[in-house]
Amino acid sequence: MAKFQSLREAVAENLRAGDTVAFEGFTHLIPHAAAHEAIRQGIGDLTLIRMTPDIVYDQLVGMGLAKKVVFSYAGNPGVGLLRRMRDAIENGWPRAIETVEHSHAAMANAYEAGAAGLPCAVFRGYRGAGLKEVNPDIRSIVCPFTGEELAAVPSHRPDVTFIHAQKASRRGDVLVEGIVGVQKEAVLAAKRAVVTVEEIVDDFEDLHPNLCVLPHWTVTAVAHVPGGAHPSYAHGYYGRDNAAYLEWDRISADRGLFTRWMKENVLDVGPEAFAARVRGL
Amino acid sequence: MTVSAFTPNEMMTIAASRALSSDDVCFVGIGAPSAACNVARLTHAPGITLIYESGTIGTAPDVLPLSIGDGELCETALTTVSVPEMFRYWLQGGRISIGFLGAAQLDRFGNINTTVIGDYRRPKVRLPGGGGAPEIATSCRKVFITMKQSTRGMVEKIDFFTSFGHGEGGDHRRRLGIETEGPALLVTDLAVWKPDPETKEFTVVSMHPGVTRGQVQETCGWKVRFADRVEETPPPTELELATLRDLQARTERAHGGKKGA
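Protein chains in written order, with the numbering used here: chain R, 3 to 283; chain L, 2 to 262.
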């Protein structure tokens, strides 16, 4: 049953050191405020799962909170590389991280399998690709009906998944619209799920009946954090702050500049800072 | 008719756009592929279906997206589906005719590396990785590739097989049980290349106006094969050039100085 909490309480109660955690969002609705709260609370030794570990995983890795990242595209989309993650992989700064690399298809299938309660995902993938030579989690299985060899990967079962969404009802039902990404699967695959939302409304009665809704009993906690996806975006509320993504390339290029930026914009502020960031977007 | 001066990059994007038709359903990569696909949509292929891996199907953005999931892609799409559905039903289900990819490293058989430069465990440069590309390369009916020529990018041997092209050439795809056609076109800033029907090695079939064979070879890390008859790529038309420049100007205004291409 969804519990309404402050973000501080929701993170403290649901994320523990050593957890496997997914902060999901496919370009859209990335739960930045939730990840910043985890950074403020200094919850470390995390295994991070994410299809596209962009800026927010660059920040978690750069702050030394991750021991392992499971991913399929470690870039700043349209801008370039994730410089903090690269520094950790190439130079072990601030600590070395283990990486488990997949394709998008594998990650999406692994979440879906997790949501479906299956131990592994089966799909037609990785044919001729080099990743299966370097990732022992990529194996194959033979179709018992046709004999076709198919790829198999273990399902994702995060201890906790964080997502951001447009609306929650007073009961805790969650509405997601626009690019829905893999968030529904990531929530249903996880043991616990925390959702930050732009707005809390009485109910969804006047809305389209097929909008993606996670019923309140699939969600552990809901926190009201307007602007909580910034610099990503919330369809219908504010646009993607592309300039911030471009700016991140400069900030993340330098260890000192990165450290100062994190102190000023994450450690020394609270989740309420997000609302101001999206004003005018 | 005289044609305005154009850059090699503009010629590349426009030559790539010409390979697309209104009947195509195209899985679009960010960067040069995205620019080419949208120029095609805005000129000779208005019916083309553009799909970005964020789940947007039949999108028609007014500016080039900075990421594969910019809001404009969803707002202008016929429909938007979840990412698992995108990869399972639409890509793996065989609904997509062309996968349009870029490359950090490419070899003569259309094998692509966007994962690492150097050894995987001790990379010289850790690149973003494959994202959707490993399966785009094998599930779309054909693959088109576009990239700027350089000896660093077009190499004898790629460091990592992010996306399988024609492997070692010949029938290597078939031997792996891959039924799709694979890389069918390479458009660079200097030339248009197609695979030899037998060996599958990319062969120059057309050079852009003013480009010499020497230039093509100097910027390519393998020994270039030229077709028996090498055509000259028709220069951009005024319409093509104006469409591309308008698109990039709108994009630049929207993204604060970055072209998204």
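The beta carbon of each residue, even a glycine, is placed where N, CA and C say it ideally should be.
Can you name the residues of chain R whose CB is closer than 9 Å to the CB of residue i?
{"i": "L/Pro62", "result": "Neighbours of L/Pro62 on chain R: none; closest Cβ ~13 Å, over 9 Å."}
{"i": "L/Gln249", "result": "Going along chain R, no residue has its Cβ under 9 Å from L/Gln249, so there is no contact; the nearest lies around 14 Å."}
{"i": "L/Thr139", "result": "Arg126, Gly127, Tyr128, Arg129, Gly130, Ala131"}
At a CB-CB cut-off below 7 Å, which residues of chain L make contact with residue i?
{"i": "R/Arg88", "result": "Arg127"}
{"i": "R/His237", "result": "Gly72, Cys75"}
Between the Cα of residue i and those of the options, spot the shortest distance and give me the residue it belongs to.
{"i": "R/Thr49", "options": "R/Val63, R/Gln7, R/Leu62, R/Val23", "result": "R/Val23"}
{"i": "R/Val124", "options": "R/Ala118, R/Glu135, R/Pro228, R/Asn111", "result": "R/Asn111"}
{"i": "L/Gln249", "options": "L/Asn10, L/Ala61, L/Leu21, L/Leu65", "result": "L/Leu65"}
{"i": "L/Glu54", "options": "L/Ala36, L/Ala46, L/Cys38, L/Pro85", "result": "L/Pro85"}
{"i": "R/Gly174", "options": "R/Phe164, R/Gln185, R/Val199, R/Ala154", "result": "R/Val199"}
{"i": "L/Thr77", "options": "L/Arg254, L/Thr60, L/Ser83, L/Asp71", "result": "L/Thr60"}
{"i": "L/Thr189", "options": "L/Thr200, L/Val205, L/Leu177", "result": "L/Val205"}
{"i": "L/Arg123", "options": "R/Cys122, R/Pro138, R/Arg88", "result": "R/Arg88"}
{"i": "R/Arg262", "options": "R/Met3, R/Gln61, R/Phe6, R/His30", "result": "R/Gln61"}
{"i": "R/Phe28", "options": "L/Ser83, L/Cys38, L/Leu79", "result": "L/Ser83"}
{"i": "R/Arg281", "options": "R/Cys122, R/Tyr240, R/Lys265, R/Ile143", "result": "R/Tyr240"}
Out of curiosity, what's the CA-to-CA distance linking residue i and residue j?
{"i": "R/Arg279", "j": "L/Met155", "result": "43 Å"}
{"i": "R/Ser74", "j": "R/Glu103", "result": "6 Å"}
{"i": "L/Gly171", "j": "L/Glu182", "result": "12 Å"}
{"i": "R/Phe147", "j": "R/Leu259", "result": "57 Å"}
{"i": "R/Arg194", "j": "L/Ile69", "result": "29 Å"}
{"i": "L/Ala33", "j": "R/Ser8", "result": "44 Å"}
{"i": "R/Glu72", "j": "R/Ser234", "result": "The sequence shown places Val at residue 72 of chain R, rather than the Glu named in the question. Rounded to whole angstroms, R/Val72 to R/Ser234 spans 21 Å at the Cα level."}
{"i": "L/Tyr90", "j": "R/Gly127", "result": "13 Å"}
{"i": "L/Pro196", "j": "R/Ala36", "result": "49 Å"}
{"i": "L/Phe203", "j": "R/Leu120", "result": "43 Å"}
{"i": "R/Leu269", "j": "R/Arg42", "result": "5 Å"}
{"i": "L/Pro62", "j": "L/His256", "result": "14 Å"}
{"i": "R/Tyr113", "j": "L/Leu240", "result": "45 Å"}
{"i": "R/Ile51", "j": "R/Leu190", "result": "14 Å"}
{"i": "L/Leu191", "j": "L/Val225", "result": "13 Å"}
{"i": "R/Ala255", "j": "L/Leu128", "result": "15 Å"}
{"i": "L/Gly130", "j": "R/Asn244", "result": "21 Å"}
{"i": "R/Thr54", "j": "L/Val29", "result": "17 Å"}
{"i": "L/Ser151", "j": "R/Ile165", "result": "41 Å"}
{"i": "L/Gly168", "j": "R/Leu17", "result": "45 Å"}
{"i": "R/Gly272", "j": "R/Thr101", "result": "30 Å"}
{"i": "L/Met208", "j": "R/Gly183", "result": "41 Å"}
{"i": "L/Lys143", "j": "R/Gly64", "result": "39 Å"}
{"i": "L/Leu67", "j": "R/Asn78", "result": "10 Å"}
{"i": "R/Arg1", "j": "L/Lys125", "result": "This structure cannot speak to residue 1 of chain R, because chain R is shown only from 3 to 283."}
{"i": "L/Ile113", "j": "R/Phe6", "result": "48 Å"}
{"i": "R/Val13", "j": "L/Ile58", "result": "35 Å"}
{"i": "L/Glu73", "j": "R/His237", "result": "10 Å"}
{"i": "R/His232", "j": "R/Trp219", "result": "27 Å"}
Could you name the residues of chain R that residue i contacts, counting a contact when the two beta carbons are closer than 7 Å?
{"i": "L/Ile179", "result": "Arg129, Gly130"}
{"i": "L/His256", "result": "Asn244"}
If you run the structure through DSSP and keep just helix, strand and coil, what is residue i?
{"i": "L/Glu86", "result": "helix"}
{"i": "L/Leu107", "result": "strand"}
{"i": "L/Ala262", "result": "Low confidence applies to L/Ala262: its pLDDT is 40, below 50, so where it sits in the model is not reliable, and the reading given next is rough at best. Reduced to three states, the DSSP call for L/Ala262 is coil."}
{"i": "R/Ser142", "result": "strand"}
{"i": "L/Pro196", "result": "strand"}
{"i": "R/Leu212", "result": "It should be noted that the sequence gives Asn, not Leu, for residue 212 of chain R. R/Asn212: coil per DSSP, three-state reduction."}
{"i": "R/Met3", "result": "coil"}
{"i": "L/Cys38", "result": "helix"}
{"i": "R/Val203", "result": "strand"}
{"i": "R/Pro33", "result": "coil"}
{"i": "L/Cys221", "result": "coil"}
{"i": "L/Gln150", "result": "coil"}
{"i": "L/Leu240", "result": "helix"}
{"i": "R/Gln43", "result": "coil"}
Taking C-beta pairs closer than 9 Å, name the residues in chain L that residue i reaches, listed in chain order.
{"i": "R/Glu187", "result": "Ser83, Val84, Pro85"}
{"i": "R/Leu83", "result": "Val126, Arg127, Leu128, Pro129"}
{"i": "R/Ser157", "result": "Residues of chain L passing the Cβ test: none, with the nearest at roughly 12 Å."}
At a CB-CB cut-off below 7 Å, which residues of chain C make contact with residue i?
{"i": "R/Val136", "result": "The structure shown contains no chain C; its protein chains are R and L."}
I want to verify the contact list: residues of chain L whose CB lies under 8 Å from the CB of residue i, in sequence order.
{"i": "R/Thr29", "result": "Ser55, Ser68, Ile69, Gly70, Asp71"}
{"i": "R/Val184", "result": "Ser83, Val84, Pro85"}
{"i": "R/Leu133", "result": "Thr116, Gly131, Pro135, Thr163"}
Could you tell me which chain R residues have their CB closer than 8 Å to the CB of residue i, listed as they occur along the chain?
{"i": "L/Ile31", "result": "Pro79, Gly80"}
How do the segment 62-75 of chain R and the segment 87-102 of chain L stand: do at least 3 beta-carbon pairs fall below 8 Å, yes or no? no
Does the segment 114-123 of chain L come within contact of the segment 158-168 of chain L, defined as at least 3 CB pairs closer than 8 Å? yes
Quick one: any contact between the segment 220-236 of chain L and the segment 31-49 of chain L, if contact means 3 or more CB pairs under 8 Å? no
Does the segment 101-108 of chain L come within contact of the segment 85-100 of chain R, defined as at least 3 CB pairs closer than 8 Å? no
The segment 176-184 of chain R in contact with the segment 209-220 of chain R per 3-pair CB rule at 8 Å: yes
For the structure I just gave you, are there three or more beta carbon pairs, one from the segment 101-116 of chain R and one from the segment 121-139 of chain L, closer than 8 Å? yes
Is it true that the segment 215-223 of chain L meets the segment 14-28 of chain L, where meeting means three or more beta-carbon pairs spaced less than 8 Å apart? no
Does the segment 127-146 of chain R come close enough to the segment 81-94 of chain R that 3 or more CB-CB pairs lie under 8 Å? no
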